[in-house]
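This report refers to the structure that appears directly beneath it.
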Amino acid sequence: MVLAMKFCWLLLVCLWCQAATAACPNVIIVLADDLGYGDLGCYGSPVIATPYLDQMAAEGVRFTDFYAAAEVCTPSRAALLTGRYAIRSGMCGGSRVLFPESKGGLPAAEITVAEVLRAQGYATAHIGKWHLGTQEGSRPLDQGFGTSYGLPYSNDMEARSDLPKGATGSATPPADGWNVPLIHDGKVIERPVDQSTLTRRYTERAVDFIAAHKEKPFFLFMAHTFPHVPMFASVDFKGKSRAGIYGDSVAELDWSVGQLMAALRREGVAENTLVFFTSDNGPWLVMGDQGGVLDC
Ligand code: MG
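Under my numbering, the first residue of the sequence shown carries the number 122, and numbering increases by one thereafter.
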């Protein structure tokens, strides 16, 4: 994927920080969920237009041979944030991914890049999907992030039928049938979350975070919910692509990247910010036209 690296970027940040003439760079990792290699314009998609990512690839570095640490969400994210094979942190168990009822999570003893950068004076934020545990010690605020806004796990977990009596949320079952909570700094603020607005709201949060922390180094882990099934896009994107709701969802992610890049320029920090875009794993092929493609 565009600027897809796992550990090399950690090395880049360290080298940059040690350069006498350079201020510590801001770091943004934009992580898509289950995005196929061939689902971006800059990787040859003939049906999904991604002008902002294409521009980023043209102005930066586009990697074409990269291996995520795992083929599913949880271990891939554990490796991304810790720089260790997921089997070493216990995040590569029998079920492969964590579920809402799972007892385990990323151990508190694991050192994440957020913890390392925060110790260096960085403001740190997690926005989007977490999927590294819901128990104390493994949550975003326990793992080096100063703030967190997003979903605790995949957007297809916790069906509506599991809704406990008296739980908050709409009285009308959502069309998607899921009961996924939106969590802000450890508190459930919406349940079931309106998934069609997630990408837009993540983006607004990210833009605000950039503006609020432009005077000091910041690290933003922007882990999008999409294009993981079930697929959603906002009204501005739904029905607009040539690749169904999957393409609409990816187009909105592309828009989101464009918003972040514009915010960096507007706040005057574009030249001192490393922006990475990659996916946690490849396409969910069994989902058919909602699962992305391997290649074009
Ligand atoms: Mg995934």
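All residues carry an ideal CB built from backbone N, CA and C; glycine is no exception.
Predicted model only: the values in this text are computed from it and were never measured.
Is residue i near ligand 1, with its Cβ less than 7 Å from a heavy atom?
i      : result
CYS194 : yes
ASP416 : no
HIS349 : yes
ASP277 : no
ASP155 : yes
ASP401 : yes
Determine the direct distance from the alpha carbon of residue j to that of residue i, and round the result to whole angstroms.
i      : j      : result
LYS308 : GLY298 : 22 Å
ILE304 : LEU272 : 6 Å
ALA189 : PHE398 : 13 Å
LEU161 : ALA170 : 7 Å
GLY403 : LEU415 : 7 Å
ASN393 : MET343 : 18 Å
MET352 : THR195 : 19 Å
ARG321 : VAL407 : 27 Å
PHE358 : GLN256 : 35 Å
VAL350 : ARG239 : 33 Å
SER362 : TYR164 : 17 Å
ALA207 : VAL193 : 11 Å
ALA199 : VAL356 : 33 Å
ASN276 : ARG387 : 32 Å
ILE310 : ARG260 : 16 Å
GLU222 : GLN241 : 35 Å
Would residue i pass as a contact of residue j if the rule is Cβ separation under 8 Å?
i      : j      : result
TYR158 : MET382 : no
ASP175 : TRP405 : no
VAL314 : PRO348 : no
LEU152 : ASP401 : yes
THR245 : GLY226 : no
MET177 : PHE220 : no
THR324 : LYS250 : no
PRO302 : CYS145 : no
GLU102 : ALA354 : Any property of residue 102 remains undetermined from this structure, which presents the chain solely from 122 to 417.
LEU262 : MET212 : no
TYR367 : ASP410 : yes
ASN147 : VAL378 : no
What does residue i pair with, by DSSP beta-bridge criteria?
i      : result
GLU311 : LEU303
GLY271 : ILE304
HIS247 : SER269, PHE342
GLY366 : The sequence shown places Ile at residue 366, rather than the Gly named in the question. Paired residues: none, contrary to the question.
ILE150 : PHE342, PHE397
Comparing the C-beta of residue i with each C-beta of chain B, is any distance below 8 Å?
i      : result
ARG260 : The structure shown contains no chain B; it is built from a single protein chain.
Inter-stretch contact at 8 Å, needing at least 3 Cβ pairs: the region 322 to 332 / the region 223 to 240: no
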